[in-house]
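Just below is one structure, and these are the notes that go with it.
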Amino acid sequence: MSERSKSSRRGFLWGAAATGAAATAVATLPKVQPDLQAPVAEPLPKPERGGGYRLSEHVQNYYKTTRI
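According to the UniProt record's numbering, the sequence shown is numbered sequentially starting from 1.
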């Protein structure tokens, strides 16, 4: 048997095995469905004189990560 046919067959088998493993992983993962009854946050009122910056929890967490 030639070297080319061995490598071709080997590549095909590796590809088939990888495809089977990926299909098994997708089939066994839990199905995630979005929660359609999630509460909607009401928007905050606009500032009267501009300057909409607020020091929220998200911003504070960002500042903590930038400290040296």
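Backbone N, C-alpha and C fix where the C-beta goes; we use that ideal spot for every residue, glycine too.
Computed from a predicted structure; not experimentally measured.
Can you tell me the Cα-Cα spacing of residue i and residue j, whole angstroms?
i: Ser-8; j: Tyr-63; result: 55 Å
i: Glu-57; j: Leu-44; result: 15 Å
i: Ala-41; j: Gly-51; result: 21 Å
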